[in-house]
Amino acid sequence: MQTAILAAADLDQLIQLLIVEGFQVIGPVRDQHAILYDQISSAADLPQGWIDQQEKGSYRLEQSPNQAYFGHTVAANSWKKFLNPPRRRLWRASRENGQLVFQAESNEAPPLAFIGVRSCELHAIRIQDAVYIQGSHPDELYRSNRQRLFNVSVNCTRATATCFCASMNTGPEVSLPSDINLTEVIDAEQHYFLVKAGSPAGERIVAQLPTRAADQTAQQAGREAIGAALQQMQTGPRYFDSSDVKELLYRNLESPSWDDVAERCLSCANCTLACPTCFCSAVEDSTDLTGDHAERWQRWDSCFTNDFSYIHGGTIRESTRSRYRQWMTHKLATWIDQFGHSGCVGCGRCISWCPVGIDITEELLHIRAAEAK
Amino acid sequence: MSAAKATVAVWKFSSCDGCQLSLLDCEDELLAVAEQVEIAYFMEASSRQLPGPYDLSIVEGSITTPEQLELIQSVRQQSRFLVAIGACATAGGIQALRNLVDVKDYIATVYAHPEYISTLATSTPISEHVTVDFELRGCPINKQQLLEVISAFLRQRRPQISDHAVCIECKLSGVACLTTSRGLPCMGPVTHAGCGALCPRYDRPCFGCYGPKENPNPDAMSQWWQASLGVDSVKIIENMRNFNAAAPAFHNAAERMNTGGKDD
Ligand code: SF4
Ligand code: SF4
Ligand code: SF4
Ligand code: SF4
Ligand code: SF4
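From first to last, the protein sequence lines are chains A and B. Okay, so the first sequence: first residue is 4 according to this note's numbering, each after it adds one. Okay, so the second sequence: first residue is 1104 according to this note's numbering, each after it adds one.
Here it is, written out as C-alpha cells:
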C-alpha cells in the first residue's frame, strides 16, 4: 500500500471510524501526572502538546513547544493490561445438590483497537504472543483479545533518556506489522501524518480517510523525524551492543555486582509490573464463608516476591540478590534460550518506574566492568 | 449442625477497637459469619460470654499491662488457633512509641495521680508472648482480608494474604507511581500489602500502616529519599515511627537514620 498523508486535523476521523466498526479504542491520555493508555473517544482525549521526560526513578510531564499528538514516548503502563488484565477470575465452582458445578469465564469484552503503539511495544506484544498463544496451553482470554486486536502503530520521532530500543534492535522505526502505521510530521508550517496500511483491515479503514498521496518530500520529512529519535538514543548513555549480553550474564552469575545491586534494590516488583514483556502470574483459590462457593483468580505476579519461588517447605529465592539476578538474567539471557529472542525491548519503563532508580543498562555496565577487572 | 459449629472468640488488649469494628463493619457478611461459627466471646458486639476452649481466637491489641501478660497466656491456652489482627497485635501499635522513652516520666506528666497507673514500660506484639498462628496486618485491618482469614480457617486452607509490597497492589490498580511521577516519598516499596494501595489510589503516599513487607530494605529507600527526593532525616524517621514503630525493620531503620547510619 502507498503511503498517504492525513492532515492532523483529520486524525479524529480515524478514531471515529474505529469506534463505528465496534472497537473499544485505547490510546494515550494525560492522567495522574503521566501518560497512560486508557479508553479514548476522540482525538481530543490524546495528550496533544505534552511530552515526558524520563530518567532513573523519575517521570515528569511537560508542555511541548509544539502541538504533536504523539510527541511523548511510551506510557507509564503498557498495553499488556488490556490483553491480559492484572486480575481476572478463571472459574467459579459451587456445590449444588451435592454436585460440584464449574463455571468457566467467557470473554464478553468488545474487540480492542490500540492507537499509538510504538515499535518497542509491538515487539513486546509479539513476545507475549509467544508466551500466551504459541505454547502448548494457549491462554484463551489473551488469544481472543489478541486475535481481534486492531493495531495503529506510531513511529517514534522523539526518544526520552531512558529509551534504548536502538540497543535492543526494536525501534524507533516500526519494524513489525501493524494494521495501520503512522508517522507524525510537525513543523512551523505543517502538521500531518504519514499513513500506511499494513493489513486488509487497515486498508479498509485508510480507504475511508480523507488522505492524499504522500510525495517524496513528505516521506523524507517522516524519515528525518524518525532519524532524530534514533540519533537521540545513539548519542545517549544507554546505547550499547547487546549481541553478547546473554553470554556475558552466563559468565557472571557470581559477579560481585549482584551483591551491590541487592543493597539498593527494594524487591518491590515495580520493574516487572511496568515491563511490557513480563508475563508471570499467580493463581489464587478462595472459598466463601459457607464453603459452597469457590473461585480461582489469576493476577500479575513478579519474581521479586517471596511467594513467587515458594515450593513445599520454603522459598528458593529468599535474598534480593537472587531475585534481581533472576529478573535480569531472565530478561536478557535465559529468555533467549526459552523463546529465541531477548525478553527486553528497551522501552526503559523499569528504569523510570523503579522507585530507587535502578537502571538495567547501568547494571549491565557494572557487570561488564567487574568482569574486566 | 450447630453442635459442629466452630467457636470464635474476639479479644481486645491495648488498642483503639478499630480492627474489631472492621468485623462489625462486615454488615453484608455478618449473617453468614454467624451461621458458620458460634461467636462465643465478643464483648464489643455482645455481653453473652460462653466459656472456652475456643476453636479460633481473634486477638486485637498489644500487651501493655501486667494483667494482659496473664490474660494472653490464658487466651492461648483456651484457643486452638490464635490470629493476631492489626498493627497493635502484630507490632505493638502506635503506643509502642513508648518503647523509645521513659514511660514513668510520661505518666507523671499526664496523670494527676500517677500511683493509680499500672503499666508496662513497653508495648509489645502478641507474638512476643505466645505462639501466634497467623498475623493479619493493618491499621486498621482490611475487613475483606479478615473474612478471608476466617473462611480459610473454616475450610482449613491457607489464607490468600500476600506479604509483598504495596507497590504490587498499586500497579495492579493502575496507579502511576507517586514517587517517580512527582517525587513524593511513599512507603509502599517497604510496606506489606493488604490495603489494596488505598492511599496511592487516593493520591496520597503510603505511610506504612501495614508494617514492613517480607524482605524489606528501608535503608536503601531512605537513602534515595534523601539523595534524590530531598527528604530530610526527620521526615524519614517520622515515616518509620508511626503505627509500626516497633516492627524490627522500621525500628532499626529509624535508629540507623537517627545515629547517622551506624547500628545501635
Ligand atoms: S526490561 Fe525494562 S527496558 Fe526492557 S522491556 Fe522490560 S521494562 Fe522495558
Ligand atoms: S523477569 Fe521475572 S516476572 Fe518477568 S517474566 Fe521473568 S520471571 Fe517473570
Ligand atoms: S529494581 Fe527497582 S523496581 Fe525493581 S524490584 Fe528493585 S527497587 Fe523495585
Ligand atoms: S505510589 Fe507508592 S505504593 Fe505505589 S508504586 Fe509508587 S512507591 Fe509503590
Ligand atoms: S497505602 Fe500504606 S498507609 Fe495507606 S492504608 Fe495502605 S498500608 Fe496503610
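Positions of the beta carbon are idealized from the N, C-alpha and C atoms, including for glycine.
Check: Enumerate, from N- to C-terminal direction, the unbroken alpha helix (DSSP H) stretches of 4 or more residues contained entirely within the stretch 63 to 105 of chain A.; Outcome: 83 to 86
Check: Do Ser305 (chain A) and Ala272 (chain A) have their C-beta atoms closer together than 9 Å?; Outcome: yes
Check: Alpha carbon to alpha carbon, how far is Val32 (chain A) from Thr220 (chain A)?; Outcome: 31 Å
Check: Going by Cα to Cα distance, which pick from B:Thr1234, B:Lys1338, B:Ala1148 and B:Ala1199 is closest to Leu1185 (chain B)?; Outcome: B:Thr1234
Check: Is Leu269 (chain A) near ligand 3 - that is, is its Cβ less than 8 Å away from at least one heavy atom of it?; Outcome: yes
Check: Any heavy atom of ligand 4 closer than 8 Å to the beta-carbon of Cys1129 (chain B)?; Outcome: no
Check: Which bits of chain B does Ala277 (chain A) rub up against, with CB to CB less than 8 Å?; Outcome: Lys1274
Check: Can you name the residues of chain A whose CB is closer than 7 Å to the CB of Arg1285 (chain B)?; Outcome: His36
Check: Answer yes or no: the CB of Val359 (chain A) versus the heavy atoms of ligand 3, is any distance below 8 Å?; Outcome: yes
Check: With a CB to CB cut of under 6 Å and the five nearest residues on each side skipped, what residues in its chain are close to Ser1105 (chain B)?; Outcome: Note that Ser1105 (chain B) scores 43 on pLDDT, short of 50, meaning its location in the model is unreliable and no value can be drawn from it.
Check: Report all residues from its chain with a CB closer than 6 Å to the CB of Asp1367 (chain B); omit the five preceding and five following residues, and keep chain order.; Outcome: Here the model assigns Asp1367 (chain B) a pLDDT of 45, short of 50, so the residue's position is not dependable and the matter cannot be decided.
Check: Taking 9 Å as the cut-off, decide whether the C-beta atoms of Cys347 (chain A) and Thr280 (chain A) are in contact.; Outcome: yes
Check: Of all the beta strand (DSSP E) runs that stay within the bounds of the stretch 1235 to 1273 of chain B, which reach a length of 3 or more residues?; Outcome: 1237 to 1239
Check: What residues come near ligand 1, if near means a beta carbon less than 6 Å from any of its heavy atoms?; Outcome: A:Ala277, A:Cys278, A:Pro279, A:Thr280, A:Lys334, A:Cys347, A:Val348, A:Gly349, A:Cys350, A:Gly351, A:Arg352, A:Cys353 and A:Ile363
Check: Compute the minimum distance between the beta carbon of Asn273 (chain A) and the heavy atoms of ligand 4, and state whether it is under 8 Å.; Outcome: yes
Check: So Thr1193 (chain B) and Arg1261 (chain B) are supposed to be a Cβ contact under 8 Å. How far apart are they, rounded?; Outcome: About 18 Å separates the two Cβ atoms, so there is no contact after all.
Check: Ordered along the chain, which non-local residues of its own chain (more than five positions away) have a Cβ less than 6 Å from that of Ala397 (chain A)?; Outcome: Coverage of chain A is limited to positions 4 through 376, which leaves residue 397 (chain A) absent and any answer about it impossible.
Check: Provide the residue span of the alpha helix (DSSP H) that contains Asp132 (chain A), from first to last.; Outcome: Ser122 to Tyr135
Check: Along the chain, where does the beta strand (DSSP E) containing Ser1336 (chain B) start, and where does it finish?; Outcome: Premise fails: Ser1336 (chain B) lies in the alpha helix (DSSP H), Ser1336 to Met1343, not in any beta strand (DSSP E).
Check: Alpha carbon to alpha carbon, how far is Glu1272 (chain B) from Asp34 (chain A)?; Outcome: 19 Å
Check: Enumerate in chain order the residues of its own chain whose CB-to-CB distance from Asp1128 (chain B) is below 8 Å, with the five nearest sequence positions on each side excluded.; Outcome: Lys1246
Check: Give the DSSP-derived three-state secondary structure of Trp356 (chain A) in the structure shown.; Outcome: coil
Check: Which of helix, strand or coil does DSSP assign to Phe1353 (chain B)?; Outcome: helix
Check: At least one CB of chain B closer than 9 Å to the CB of Arg121 (chain A): is that the case?; Outcome: no
Check: Pull up the DSSP beta-bridge partners for His1295 (chain B), would you.; Outcome: B:Ala1268
Check: Got a sec? Which residues, its chain only, sit under 6 Å from Pro1217 (chain B) by beta carbon, not counting five neighbours each side?; Outcome: Ile1210 and Ala1211
Check: Does Cys1270 (chain B) get closer than 9 Å to chain A when you measure Cβ to Cβ?; Outcome: yes
Check: One question on the structure: do Tyr1 (chain A) and Ile319 (chain A) come within less than 9 Å of each other, judged by their Cβ atoms?; Outcome: The requested residue 1 (chain A) does not occur in the structure, where chain A is confined to residues 4 to 376.
Check: Since Cys1280 (chain B) contacts Thr1294 (chain B) with CB under 8 Å, what's their CB separation in whole angstroms?; Outcome: Actually they do not touch by this definition, with Cβ atoms about 14 Å apart.
Check: For His296 (chain A), which residues of its own chain have a beta-carbon under 6 Å away from its beta-carbon, when the five flanking residues on both sides are left out?; Outcome: Ser97
Check: Let me see if you follow: with CB-CB separation under 9 Å, is Arg1201 (chain B) close to chain A or not?; Outcome: no
Check: Using a Cβ-Cβ cut-off of less than 9 Å, give me the residues of the stretch 350 to 362 of chain A that come near chain B, in sequence order.; Outcome: Ser355, Trp356, Cys357, Pro358, Val359 and Gly360
Check: Using 8 Å as the cut-off, classify the Cβ of Met1343 (chain B) as near or not near the heavy atoms of ligand 5, replying yes or no.; Outcome: no
Check: Around the C-beta of Asp400 (chain A), are 16 or more other C-beta atoms found within 10 angstroms, so that it is buried, or is it exposed?; Outcome: The first residue shown for chain A is 4 and the last is 376, placing residue 400 (chain A) beyond what the model contains.
Check: Can you tell me which of the three DSSP states Leu9 (chain A) falls into?; Outcome: strand
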